[in-house]
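K.L.:
Those protein sequences? They're chains A and B, same order as listed.
If you count the first sequence from 1, position 172 lands on 172 in our numbering, and the numbers rise without skipping.
Every position in the second sequence, counted from 1, becomes a number in our numbering once 1000 is added.
Backbone N, C-alpha and C fix where the C-beta goes; we use that ideal spot for every residue, glycine too.
Below you will find the structure I want to go over with you.
There are 2 protein chains.
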Amino acid sequence: MPLLMLKDLPRYECLLKAAQAHPELDPSAAEVFLHLLRSGDEVFRVVDRHLARHHISEGRFGVLMALWSSAERPGGDGRQALSPAELADRTGVTRATITGLVDTLERAGLVARASNIEDRRMRSVSLTPRGSALLREILPEHFRRMAWLMATLDEQERVTLVRLLGKVMQRASEEGGEGASGSSDAVPLGAAEVVASHSG
Amino acid sequence: MPLLMLKDLPRYECLLKAAQAHPELDPSAAEVFLHLLRSGDEVFRVVDRHLARHHISEGRFGVLMALWSSAERPGGDGRQALSPAELADRTGVTRATITGLVDTLERAGLVARASNIEDRRMRSVSLTPRGSALLREILPEHFRRMAWLMATLDEQERVTLVRLLGKVMQRASEEGGEGASGSSDAVPLGAAEVVASHSG
DNA sequence: CCTCGGTCGTTAGTCTCCTGACTATCTGCC
DNA sequence: GGCAGATAGTCAGGAGACTAACGACCGAGG
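Okay, structure coming up:
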């Protein structure tokens, strides 16, 4: 995931200049867009550097966290078992990817697979004691890094940031059916109108 | 890059509950962190779906944009040539990765390599007419999508968002030497103190 | 001249993740 | 009972990114 458009963000004046040649370009929108991608990437790297020291990749961590958070639920303390399909759903990757991730984690002794008697297609994945131990070792520092990163923001700023990001995020995901409906190459929805009304 | 921790963000109450068991966990920091990564990912997907229709990946697009933005500079109109090392620097990937990306782009006829007479180690990469044409075809929709995504935010909100993201981004990148200096497994800087003063 | 350190682009090998196709299994309808 | 369709997990192949190492080349020093 390391790599986002241009490394050093263009100055705003450059965006303004580019907008003259490209009427579709909304300079302030572009600025937000670039800042968002860039800061997400930067923040990700900070925690990824930590996880990498334990040979945990983003994907692996996602699986471990999914199992962990399901174990923290009201039920029993050690009953954390999810099917690969559940894991795929919660981590947002395909089932095929989960197979590979679980393979690696299983080889490392961090998770275990078990068969399901009732439905023989299904398998359940659960944290081993070693997997739990690793998480207990990793998470404190992981949490510390999140807190450290956000320490520049006061509570009010955090609330604002979450609210604004939420608006953008919803906008981005609501357009999920764009590839299936609108299709080939045109503007997904009424995007052209929105832009026109905004820039004109 | 699609995949970020847990797909559906935990509710704030869950974070509060988890914080009881893990004193290092700052709930509001974690919420910002998760929103940031998640929204960055979501936003990225929106533009990536568009680029993918033209068989342009994130990395390829980065190279094209670097060449394009260097061509838009004060100099001549068609003189857009950068060395692979320059491209690596601007897009934030290694020179080895650039070799692969340029290979693909060259095979597709979008860029061309040329030798440098003065320094025979160097080669210059430039957009072909076909590459320029593709960009002219792609960019309007690309810009429209950025504008559409941000259309939920008014100018004031955009300014605020850029400012807050800037603070986090700077924080994240200033810690760049963290792996080299602090090293193996401990807290990078005075992170523990920051957290303590924040949560206590 | 010519060697030495540094830089350039490339190659080789590895890793993660994705897409698409495949096999095994369950379920509902005849 | 037996077959169609959906579903679960896996396999195969590919793209992108990294590190480590290489051969080619420049520039400064003896």
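1. Interface residues of chain A around A1081/B at Cβ under 9 angstroms?
2. Closer than 7 angstroms by beta-carbon distance: list the chain A residues that pair up with P1129/B, in chain order.
3. Check whether the Cβ atoms of L153/A and L1165/B sit closer than 8 angstroms, and answer yes or no.
4. Closer than 6 angstroms by C-beta to R1144/B: which residues in its own chain qualify, once you throw out the five before and the five after it? Chain order, please.
5. In terms of residue numbering, what span does the beta strand (DSSP E) encompassing L1127/B cover?
6. Can you tell me the Cβ-Cβ gap for P27/A and A19/A, rounded? I've got them flagged as a contact below 8 angstroms.
7. Which whole-angstrom value describes the C-beta separation of R1038/B and M169/A, a residue pair presumed to lie in contact below a C-beta threshold of 8 angstroms?
8. Given 8 angstroms as the limit, is there contact between the segment 90-97 of chain A and the segment 113-130 of chain A, that is, 3 or more CB pairs closer than that?
9. Please determine, among L1127/B, V1032/B and V1063/B, the residue with the shortest C-alpha to C-alpha distance to R163/A.
10. Would you tell me roughly how many angstroms separate the C-alpha atoms of A172/A and A1147/B, rounded to the nearest one?
11. Taking the straight line between their C-alpha atoms, what separation do you get for H142/A and P23/A?
12. Counting only the same chain and skipping the five closest in sequence on each side, list residues whose C-beta sits under 7 angstroms from that of L1135/B.
13. By Cβ distance below 6 angstroms, which residues in the same chain neighbour D77/A in space, the five residues on each side in sequence not counted?
14. Is the separation between the beta-carbon of R130/A and that of L101/A shorter than 8 angstroms?
15. Quick check on this structure: which residue in D1119/B, P1084/B, R1107/B and A1108/B has the alpha carbon closest to the alpha carbon of I1098/B?
16. Can you list, in chain order, the residues of its chain whose CB lies under 6 angstroms from that of E1155/B, leaving out five sequence neighbours each side?
17. Quick one: measure Cβ to Cβ for A124/A and A81/A, integer angstroms, because I've assumed they're closer than 8 angstroms.
18. Compare the C-alpha of G1040/B against each of F1061/B, E1174/B and L1149/B and name the closest.
19. Less than 6 angstroms between C-beta atoms, sequence neighbours within five positions excluded: which residues of the same chain meet that for V159/A?
20. Taking 8 angstroms as the threshold (beta carbon to beta carbon), is R171/A in contact with chain B?
21. Please report how far the alpha carbon of S57/A lies from the alpha carbon of V1043/B, in whole angstroms.
22. Mind pulling the chain B residues with CB within less than 7 angstroms of L105/A?
23. Closer than 9 angstroms, Cβ to Cβ, to anything on chain A: give me those residues from the segment 1150-1162 of chain B, in chain order.
24. Less than 8 angstroms between the CB atoms is what I'm expecting for L127/A and A71/A, so what's the real figure, rounded?
25. Are the C-beta atoms of V102/A and some chain B residue less than 8 angstroms apart?
26. Kindly indicate the opening and closing residues of the beta strand (DSSP E) around S1115/B.
27. Roughly how many angstroms lie between the CA atoms of L1015/B and E1157/B, to the nearest whole one?
28. Report the option in A108/A, L161/A, A29/A and M122/A whose CA atom is closest to the CA atom of E86/A.
29. Would you say R1144/B reaches chain A, if we count a Cβ-Cβ gap shorter than 8 angstroms as a contact?
30. Would you mind telling me which residues of chain A sit closer than 9 angstroms to V1043/B, beta carbon to beta carbon, in chain order?
31. Classify A1151/B as helix, strand or coil using the three-state DSSP reduction.
32. Leaving out five residues before and five after L25/A in sequence, what residues of the same chain have Cβ atoms less than 8 angstroms from its Cβ?
33. Do you know offhand how far Y1012/B's Cα is from S132/A's?
34. Establish whether the CB of E1013/B and some CB of chain A are separated by less than 8 angstroms.
35. Alpha carbon to alpha carbon, what distance is there between D103/A and H1054/B?
36. Identify whether L1037/B lies in helix, strand or coil by the three-state DSSP scheme.
P.N.:
Put simply:
1. The contacting residues do not exist; A1081/B stays about 17 angstroms from chain A at best.
2. Residues of chain A passing the Cβ test: none, with the nearest at roughly 18 angstroms.
3. no
4. none
5. Element bounds for L1127/B: R1123 to L1127.
6. 5 angstroms
7. 6 angstroms
8. no
9. V1032/B
10. Those two C-alpha atoms are separated by around 11 angstroms.
11. Going from the Cα of H142/A to the Cα of P23/A covers about 44 angstroms.
12. L1064 and W1068
13. Below a pLDDT of 50, predicted positions are generally treated as unreliable, and D77/A, at 44, falls in that range; the measurement from the model is reported next regardless. For D77/A, where only same-chain residues beyond five positions count, there are no Cβ hits under 6 angstroms.
14. no
15. Closest option to I1098/B, judged by alpha-carbon separation, among D1119/B, P1084/B, R1107/B and A1108/B: P1084/B.
16. Excluding sequence neighbours, E1155/B sits near nothing in its chain.
17. What sits at residue 124/A in the sequence shown is Ser, not Ala. The pair is a contact, with the Cβ atoms about 4 angstroms apart (cut-off 8 angstroms).
18. L1149/B
19. none
20. Taking Cβ atoms only, chain B reaches closer than 8 angstroms to R171/A, which makes this a yes.
21. 22 angstroms
22. Near L105/A there are no residues of chain B at all, since even the closest Cβ is about 15 angstroms away, more than 7 angstroms.
23. M1150, A1151, T1152, L1153, E1155, E1157, R1158, V1159, T1160, L1161 and V1162
24. Contact between L127/A and A71/A holds, since their C-beta atoms are separated by about 7 angstroms, short of 8 angstroms.
25. no
26. V1111 to S1115
27. When rounded, the distance between both Cα atoms is 26 angstroms.
28. The shortest C-alpha separation from E86/A is found at M122/A.
29. yes
30. F33, L36, L37, G40, V168, M169, R171 and A172
31. DSSP places A1151/B in coil when its eight states are reduced to three.
32. L15, A18 and A19
33. 24 angstroms
34. no
35. Rounded to the nearest angstrom, the gap between the Cα atoms of H1054/B and D103/A is 34 angstroms.
36. helix
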